[in-house]
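Residues 2 to 645, numbered by this note's numbering, are exactly what the sequence shown covers, in order. Please read the structure below before turning to the comments.
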Amino acid sequence: MRFLPKDARKLDIVTIGRSSVDLYGQQAGGRLEDMASFAKYIGGCPTNIAVGASRLGLRSAVITRVGDEHMGRFIREQLEVEGVDTRGVATDPARLTALVILGIRDKEHFPLIFYRENCADMALEAADIDPAFIAEARAVLVTGTHLSKPNLAAASRRAMELARKNGAVTILDIDYRPVLWGIGGHGTGEIRFVDNAAVSQHLMAILPDCDIVVGTEEEVHIAGGSTDTLAALRNIRARTQALIVMKRGPLGCVAYPAAIPASLDGALADTGFPVEVYNVLGAGDGFMSGLLRGLLGGEDLPTAMRMANACGALVVSRHGCAPASPTWRELKHFLDHGSAQHALRKDAVLNDLHWSTTRRRAWPEICALAFDHRVQLERLAGQTGASQTRIPVLKRLIYEAAAKAFGDDPAFGIILDDRFGSDVLAHATGRGHWIARPVELPEQIPLVFEGGRDIGSVLREWPVEHTVKCLVYQKPADGPNITGPQEDRLQALFEACRQTGHELLLEIIPDKTRPGDGAMVAAMIQRYYEVGLKPDWWKLAAPDDQAGWSAIAEVVRSRDPDCRGVLLLGLDAPEPDLVKTLTAAAAQPICRGFAIGRSVFSQPAESWLRNRTDDAAFVTEVAARYRRLIDVWRQARGRHSAVA
2 MRFLPKDARK
12 LDIVTIGRSS
22 VDLYGQQAGG
32 RLEDMASFAK
42 YIGGCPTNIA
52 VGASRLGLRS
62 AVITRVGDEH
72 MGRFIREQLE
82 VEGVDTRGVA
92 TDPARLTALV
102 ILGIRDKEHF
112 PLIFYRENCA
122 DMALEAADID
132 PAFIAEARAV
142 LVTGTHLSKP
152 NLAAASRRAM
162 ELARKNGAVT
172 ILDIDYRPVL
182 WGIGGHGTGE
192 IRFVDNAAVS
202 QHLMAILPDC
212 DIVVGTEEEV
222 HIAGGSTDTL
232 AALRNIRART
242 QALIVMKRGP
252 LGCVAYPAAI
262 PASLDGALAD
272 TGFPVEVYNV
282 LGAGDGFMSG
292 LLRGLLGGED
302 LPTAMRMANA
312 CGALVVSRHG
322 CAPASPTWRE
332 LKHFLDHGSA
342 QHALRKDAVL
352 NDLHWSTTRR
362 RAWPEICALA
372 FDHRVQLERL
382 AGQTGASQTR
392 IPVLKRLIYE
402 AAAKAFGDDP
412 AFGIILDDRF
422 GSDVLAHATG
432 RGHWIARPVE
442 LPEQIPLVFE
452 GGRDIGSVLR
462 EWPVEHTVKC
472 LVYQKPADGP
482 NITGPQEDRL
492 QALFEACRQT
502 GHELLLEIIP
512 DKTRPGDGAM
522 VAAMIQRYYE
532 VGLKPDWWKL
542 AAPDDQAGWS
552 AIAEVVRSRD
562 PDCRGVLLLG
572 LDAPEPDLVK
582 TLTAAAAQPI
592 CRGFAIGRSV
602 FSQPAESWLR
612 NRTDDAAFVT
622 EVAARYRRLI
632 DVWRQARGRH
642 SAVA
């Protein structure tokens, strides 16, 4: 078995078959009947493998079908986020996307229900297999489940035939789910093995066309037509010269590149990792991703097996299937350093790596308009004699102005509250903007959350694309009456963000009278890192000098090199001052942009609230002010980039 060189093909691996939405029960330890809330992930063996392979640096693609509805679009969008080629994902106008509802009962039981009656991916057929697409791949992977229907078997066989014709390696993941072969009732999805001669015949028929066969011991039994493991292996070997890799759960895996030995102990083996088994669902897909990364990456078989076992260990320790798959950096760290934690989901270093390397989208630059102001606009309304009922209208106009000036640019962002801006938030969400929302009650020291003390429950109601913005006032000299409760609440917020999948922007102003004191800001950032906080973004006032910038950059990069960076705040500074500030900040690599508000809209808003400016004039004025600052930033950034 030889793989084509990497530069010979555009894709490393194409997987074919199931693609579903997994609804995972969030209450571990109970019956599926009693689970009250669910997390939504993409799923299906070949889809999970494609995601896992992509996270490990392989160029992966999947051939499947999804419905022409919200769940189908969710799968397609998530695959694109993960870097998986979606050209082979067809939209089926007549069928719904498959669903799976599943849960974690205990270490042995993982109840699940497959909703796959006439679903989209079960309609895959030979005509969906594009010869030109298959010709781009170094390897093609089919799954046993997609041999269960004549049309599915025809599609899999067509892909394998084309792959072999083009010199690609063909791989079978046995992926045996009896219920998906029509064995047992709808409530038997958890059952992993039922001996069935007809299924064995189907699998045996495809073995001669396989270069690699991978399965659990039970899956080897079904593919080999015997519940005696050695007999099953010999039956497989009699039909194919493929590399056989057998997964053995906590025992690791064994491989048979040639003849089957007299005993299982005679195989090439790699022991497993002694970790907590939290969720076995998807661990095999993670295993396959690691095996592919090793083999397609040019590693020898023992190294590839070690990678596979490591990926399986990481996935088995987490909630979900595809989202639990490790990235290459994470896998390397685990292989090089291991973990002191038996329960890997409690390893802070691995969790940080997993989080920072699987973020939904890259944001190399943000030029945001911040209009999350609440008490400031309430006061302004009082000063102008305007009703507070006009504030939501004002915020809609500010958004219109921002979108008019910059809305088509990928760096466009807003920071907006839901007290006065809920309608605008709903309108802006899902349009590709960077969106942040404040979570703090304004002007409270120590910090108080606006939605209540149970911040996790608050964030559960937020769209996952919304970044959580929290403004805190704290300086190194503050006493325990401020630092104690404030840091406790920040830790709770940080943990809640990680649990709910929201990014965190921490805005800190140590001293309102000296917002540009870079040494003080750096000291507070250091303090927050020391208590375990790792926000994705920092929002800061511009330091007064280069020494301040250097101090901030040093502490951020030394404590969290994966931090997205700093966004500059404006503090209602006059435009000429902001121009100088932005020009200086553009020279700082740690600064990724700005989130400026009142400097842009404060004066026009006062005029509008006094009815001296109409809506159109207000929008035009705010758009022009916002655009001028963007241009200043971009021009200065461009000059510094050219010099660098």
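Beta carbons are placed, not taken as given, at the ideal position from N, Cα and C, and that holds for glycine. Predicted, not measured: the structure shown is a model, and the values here were computed from it.
Since residue i and residue j should fall inside the 8 Å C-beta cutoff, what is the C-beta to C-beta distance between them, to a whole number of angstroms?
i      : j      : result
Asp419 : Arg375 : Not quite, the Cβ-Cβ distance comes to about 10 Å (not below 8 Å), so this is no contact.
Leu506 : Lys470 : 5 Å
Ile17  : Pro47  : 6 Å
Asp573 : Ser603 : 6 Å
Cys312 : Gly53  : 7 Å
Ala140 : Phe4   : 7 Å
Cys211 : Ala169 : Actually they are not in contact, since the Cβ atoms of Cys211 and Ala169 sit about 12 Å apart, beyond 8 Å.
Met525 : Pro544 : That belief does not hold up - the Cβ atoms of Met525 and Pro544 are roughly 13 Å apart, past 8 Å.
Ala523 : Val556 : 5 Å
Leu398 : Val601 : In fact, because the Cβ distance is near 12 Å, the residues do not count as touching under 8 Å.
Val214 : Ile237 : 6 Å
Gly295 : Ala305 : 3 Å
Gly44  : Asp23  : 3 Å
Leu208 : Arg159 : Actually they do not touch by this definition, with Cβ atoms about 17 Å apart.
Leu103 : Tyr116 : Actually they do not touch by this definition, with Cβ atoms about 11 Å apart.
Leu12  : Ala62  : 5 Å
Arg696 : Glu576 : Coverage of the chain is limited to positions 2 through 645, which leaves residue 696 absent and any answer about it impossible.
Ala309 : Gly291 : 4 Å
Trp634 : Gly594 : 7 Å
Glu401 : Ile436 : Not a contact, Cβ separation roughly 16 Å.
Among the options, which has the Cα closest to the Cα of residue i?
i      : options                        : result
Pro94  : Asp122, Ala198, Gly267, Glu277 : Asp122
Thr468 : Trp634, Thr501, Ile261         : Thr501
Arg438 : Val425, Leu293, Arg626         : Val425
Ala403 : Gly283, Val623, Leu282, Thr359 : Val623
Leu297 : Asn612, Met2, Asp632, Ala637   : Met2
Asp348 : Glu277, Asp616, Pro365         : Glu277
Gly89  : Thr98, Pro132, Leu113          : Pro132
Pro660 : Gly457, Glu466, Arg638, Gln445 : For the chain, the structure presents residues 2 to 645; residue 660 sits outside this window and is missing.
Ala497 : Arg66, Arg461, Asp479          : Arg461
Asp546 : Arg528, Ala643, Ile175, Asp518 : Asp518
Asp229 : Leu265, Val67, Gln202          : Leu265
Thr144 : Lys108, Ala198, Gly73, Thr65   : Thr65
Gly190 : Gly598, Ile591, Pro112, Ala270 : Pro112
Ala128 : Ala138, Arg96, Ala91, Leu142   : Ala91
Leu153 : Met36, Arg19, Thr272, Ile245   : Arg19
Glu118 : Leu97, Ile223, His110          : Leu97
Phe495 : Thr385, Leu442, Asp353         : Asp353
Would you give the residue range spanned by the alpha helix (DSSP H) that residue i belongs to?
i      : result
Pro439 : Pro439 -> not in any alpha helix (DSSP H); beta strand (DSSP E) instead, spanning 435-439.
Thr48  : 46-56
Tyr279 : From DSSP, Tyr279 is part of no alpha helix (DSSP H); its letter is neither H nor E.
Ser38  : No alpha helix (DSSP H) holds Ser38; DSSP gives it neither H nor E.
Gly414 : Per DSSP, Gly414 belongs to no alpha helix (DSSP H); it is in the beta strand (DSSP E), 413-416.
Trp550 : 547-560
Val376 : 376-385
Ile261 : First-last for Ile261: undefined, no H or E at that position.
Asp286 : 284-297
In the DSSP assignment, the beta strand (DSSP E) including residue i goes from what residue to what residue?
i      : result
Ser21  : 21-26
Lys248 : 244-248
His467 : 467-473
Leu113 : 113-116
Cys592 : 592-597
Cys254 : 254-257
Lys540 : 538-541
Thr144 : 138-144
Thr671 : Outside the shown range of the chain, which is 2 to 645, sits residue 671, and nothing can be said about it.
Leu570 : 566-570
Leu269 : 269-271
Assess contact between the region 403-413 and the region 336-346, defined as three or more Cβ pairs (one per stretch) separated by less than 8 Å. Is contact present?
The region 336-346 and the region 403-413 do not touch, with fewer than three beta-carbon pairs separated by less than 8 Å.
What beta strand (DSSP E) runs, 3 residues minimum, are completely inside the region 159-231?
Counting whole runs of 3 or more residues, the region 159-231 contains the beta strand (DSSP E) stretches 170-174, 213-217.
For the region 169-189 and the region 246-263, state whether three or more C-beta atom pairs, one from each stretch, are separated by less than 8 Å.
No, the region 169-189 does not touch the region 246-263.
Restricting to runs no shorter than 3 residues, where is the beta strand (DSSP E) found entirely within the region 332-374?
You should have 367-371.
Let me know the beta strand (DSSP E) ranges lying completely inside the region 55-110, each 3 residues or longer, listed in chain order.
For the region 55-110, whole beta strand (DSSP E) runs of length 3 or above, ordered along the chain, are 61-68, 90-93, 99-103.
Please list the segments of the alpha helix (DSSP H) lying wholly inside the region 485-515, counting only runs of 4 or more residues, in order along the chain.
You should have found no qualifying run.
Is the region 528-543 touching the region 320-331, taking contact as three or more C-beta pairs under 8 Å?
Too few Cβ pairs lie closer than 8 Å, so no.
I want to know whether the region 54-62 touches the region 26-39 - three or more CB-CB distances under 8 Å.
The region 54-62 vs the region 26-39: no contact.
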